[in-house]
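The next block holds one structure in the form of structure tokens; read it before the comments.
See below:
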């Protein structure tokens, strides 16, 4: 039998005029293969870019075409020889933006839609 599962990553970005961007990420069951700098987040005025190292994807048997932010239509839309990039506007793909008196916090989920059964073969 084949079972399908989604590995997700929660990425939270907090920014303010006086505080540098900070990120936190949890990779669920894929964390055993997590490499330093495997995942990075760049927060800009109107968009968030998540970069994932291709070597990490190779080590975890994840195809870049299986990655998306928030919704399946929000897949990889950039990159180079070493990284794939997913960029979404702050009002796209289920990105949630919360503002208090000091900080903006943007939250978006990074999904891997691969079938776990096929990755084990």
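Numbering (UniProt numbering), first residue to last: 1 to 121. Heads up, the beta-carbon is just placed ideally off N, CA and C, and yes, glycines get one too.
1) Terminal residues of the continuous beta strand (DSSP E) containing residue 84?
2) Could you work out which residue in 67, 56, 99, 46 is closest to residue 111 when comparing CA atoms only?
3) Evaluate residue 98 with the Cβ neighbour count: other Cβ atoms within 10 Å of its Cβ, from every protein chain shown; 16 or more gives buried, anything less gives exposed.
4) Residue 55 lies in the alpha helix (DSSP H); which residues open and close that run?
5) Under 7 Å Cβ to Cβ from residue 47, same chain only, skipping five residues before and after it: list those, please.
6) Thinking C-beta only, is residue 58 closer than 7 Å to residue 108?
7) What three-state label does DSSP hand residue 40 in the structure shown?
8) Nearest-angstrom Cα distance between residue 53 and residue 37?
Reading it off the structure:
1) 83 to 89
2) 67
3) exposed
4) 54 to 59
5) 87, 88, 89, 90
6) no
7) strand
8) 7 Å
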